[in-house]
Amino acid sequence: MKIRVDQLEQQLKKNLAPLYIISGDEVLLCQEAADTIRKAAQLHNIDERLRFVADSQFDWQDVINENQSLSLFSTRRLFDIQIDKMGEKHSKALAQLGQSLSEDNIILLTLPKIDARTQKAKWFTQLESQGVFVQIWPIDANRLPAWVQQRAQTRGLSLTRDAASIVCERGEGNLLALSQELEKLALLHGKDSQIDAEKVIESVADSSRYSIYDLSDRLLMGKAKDAMHCLNQLMGEGVEASIILWLFNREVQTLNNLLRAMQSTSFRQACQAERIWDKRIPFYESAMSRHNKVTLPYMQNYLALIDKSIKGLEGPSSETGFRNLVMMFCGYKPVVTELDIPA
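Each residue of the sequence shown is one higher than the one before, counting from 1 in the UniProt record's numbering.
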C-alpha cells in the first residue's frame with residue numbers, strides 16, 4: 001500500500017504493518033517519517049530495535065538469520081534497515097526478506113529515492129503488497145513558504161508570508177536548515193510570537209554565527225580560506241555532520257547535473273532547469289570553471305567515504321574529510337586521500 005507522508009500517522013493509528021518502506025531525497029522528512037514509525041512501535045511494546053546500515057559490503061545473511069530467530073529479550077522486534085544506494089545485491093536480499101515476514105518482527109526500510117521503474121520490479125511490488133510504502137516527495141518552491149508557516153505553528157510561532165519567504169530564501173530548499181532556522185527564531189522570540197519580515201531580518205543581522213548557506217557561497221566561489229574558517233565555526237558550534245554532508249552532497253550533485261545538461265544546452269538554461277536563482281548563477285559559474293568530469297566523481301566517491309564514517313563504519317573522520325572537501329571544492333586537491341590508497 002502506497003501512502004503520502006501526511007497520511008502516515010493516521011495509518012499507524014489503525015494498525016502496525018509488518019513492513020514499512022520510506023523512500024525519498026528529503027533527508028528531514030525521511031528522518032521524521034522513520035521516527036514516527038519507531039515511536040509507534042514503542043507504543044505497541046516493541047522495545048528491542050536492531051539497526052543495520054547496508055553498504056556494498058553488507059552481509060544480508062545476518063539480517064535473514066536474525067529475522068528467523070527468536071529474541072531472548074522481547075517477543076517482537078523492530079528491524080531498522082537503511083540503504084543509501086540500491087543495487088542487485090540489496091534487491092535480492094530484500095526479496096528474500098519479504099518471503100519471511102511475520103507478526104513477531106516489524107521491518108523498517110529507509111531507501112534512497114525509488115524511481116518508477118524500480119517500483120514496478122517484482123521484488124518491490126512484493127514488499128509493497130505486504131506493507132506500507134511512504135513515498136517522500138520534494139516540496140515545490142512555490143509551496144515552501146506555506147510549509148515553513150505550518151512548521152512554525154508546531155513550534156508556537158506565527159510567521160507572515162513575507163517572513164516565511166525570507167526564511168526560505170536563506171535556506172534555499174534545505175529543509176534541515178529551514179527547520180534549524182525556525183528553532184532559532186523560537187529561542188529568540190519565545191512561543192506564541194508573531195514573526196514578521198523585520199524580525200527575521202533582525203535575527204539574521206544580530207547573529208554572529210555562520211550558517212551552512214555561508215559555507216555554500218564560499219565553496220562555490222572557491223574562497224578556500226573563508227570556507228575553511230566557516231566550516232570550523234560550524235563544527236565548533238555543533239552543527240550536525242549530517243547537515244554539513246548534505247550541503248556538500250547537494251552542491252556536488254548540482255554541479256554534476258549542470259555538467260551533464262551543458263552537453264546539449266547552454267549554462268544558463270542548465271541553471272534554470274536546476275531551479276537555481278538568477279542571483280546565484282554566478283556562484284555556480286565560478287565553481288564550474290574549476291570542476292569537470294574527473295573532479296566531480298572523485299568528490300562524490302569521497303563523500304561516500306565520509307558518509308560511512310558518520311554512520312560508524314570505516315572511513316576518514318568527518319572533520320578531516322570535510323576539510324579535504326573544502327580544498328577539493330576550491331580547486332586544491334589534497335596530496336593524497338583514502339581513495340588513492342590501494343585496498
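Every residue, glycine too, gets a C-beta built ideally from N, C-alpha and C.
Beta-carbon proximity check, residue i vs residue j, cutoff 9 Å
i: LEU215; j: LEU245; result: no
i: ALA54; j: GLN82; result: yes
i: MET86; j: THR36; result: no
i: ARG4; j: LEU108; result: no
i: THR110; j: CYS30; result: yes
i: GLY98; j: ALA17; result: no
i: LEU247; j: ASN174; result: yes
i: LEU28; j: LEU231; result: no
i: SER56; j: PRO112; result: no
i: ILE243; j: GLN180; result: yes
i: PHE58; j: ASP80; result: no
i: ARG275; j: ALA116; result: no
Bridge-paired residues (DSSP) for residue i
i: SER317; result: The partner list for SER317 (beta bridge, DSSP) is empty, contrary to what the question assumes.
i: LYS2; result: PHE133
i: ARG51; result: ASP80
i: SER193; result: LEU157
i: residue 419; result: Residue 419 cannot be examined here, being either before or after the span of the chain that is shown, 1 to 343.
Distance between residue j and residue i (C-alpha atoms, nearest Å)
i: ILE106; j: GLN61; result: 17 Å
i: ALA273; j: SER129; result: 35 Å
i: GLN300; j: PRO145; result: 31 Å
i: ILE281; j: VAL148; result: 25 Å
i: ARG161; j: MET228; result: 35 Å
i: LEU255; j: ARG77; result: 42 Å
i: GLY190; j: SER203; result: 13 Å
i: ASN249; j: PHE322; result: 11 Å
i: TYR20; j: SER318; result: 30 Å
i: GLU88; j: GLU198; result: 53 Å
i: ILE212; j: CYS168; result: 14 Å
i: LEU12; j: ARG151; result: 21 Å
i: LEU185; j: VAL200; result: 8 Å
i: MET288; j: ASP226; result: 19 Å
i: ILE187; j: SER193; result: The question names Ile, yet the displayed sequence has Leu at residue 187. Their backbone Cα atoms lie some 11 Å apart in a straight line.
i: LYS279; j: ARG143; result: 21 Å
i: GLN7; j: THR337; result: 45 Å
i: GLY236; j: ALA93; result: 41 Å
i: THR265; j: LEU178; result: 32 Å
i: THR75; j: GLN263; result: 57 Å
i: PHE267; j: ARG218; result: 21 Å
i: ASP307; j: LEU182; result: 26 Å
i: ASP84; j: SER102; result: 25 Å
i: GLY238; j: TRP277; result: 29 Å
i: LEU43; j: GLY312; result: 28 Å
Contact set for residue i: own chain, Cβ-Cβ below 7 Å, skip 5 residues either direction
i: ALA95; result: TRP123, GLN126
i: LYS2; result: GLU128, PHE133, GLN135
i: ARG290; result: GLY222, GLY331
i: ALA224; result: VAL326, MET327, CYS330, TYR332
i: LEU296; result: VAL252, LEU255, ASN256, LEU259
i: PRO138; result: ASP25, GLU26
i: GLU9; result: THR36
6 Å Cβ shell around residue i - same chain, five flanking residues per side excluded
i: SER208; result: Note on SER208: pLDDT 40, under 50, position unreliable in the model; the coordinate value appears next. Here the set comprises nothing.
i: ALA241; result: ILE310, SER318
i: ARG170; result: TYR213
i: residue 345; result: Residue coverage of the chain in this structure runs from 1 to 343, which leaves residue 345 outside it and unanswerable.
i: ILE166; result: ALA197, VAL200
Residues near residue i in its chain [Cβ-Cβ closer than 8 Å; skip 5 each side]
i: LYS14; result: none
i: SER100; result: ILE64, ASN67, GLN68
i: CYS271; result: LEU258, ILE281, TYR284
i: LEU339; result: TYR298, ASN301, TYR302, LEU305
i: SER286; result: LEU220, MET221, GLY222
i: ALA121; result: SER91
i: ILE195; result: ALA152, LEU157, SER158, LEU159, THR160, ALA163, LEU185, HIS189
i: LYS293; result: LEU259
i: ALA33; result: VAL5, LEU8, ILE22, VAL134, ILE136
i: GLN269; result: ALA261
i: GLU314; result: LYS308
Heavy atom of the ligand MN within 8 Å of residue i beta-carbon
i: GLY236; result: In the structure on display, the ligand MN does not appear, and there are no ligands present to speak of.
At least 3 beta-carbon pairs within less than 8 Å: the region 300 to 310 vs the region 41 to 48: no
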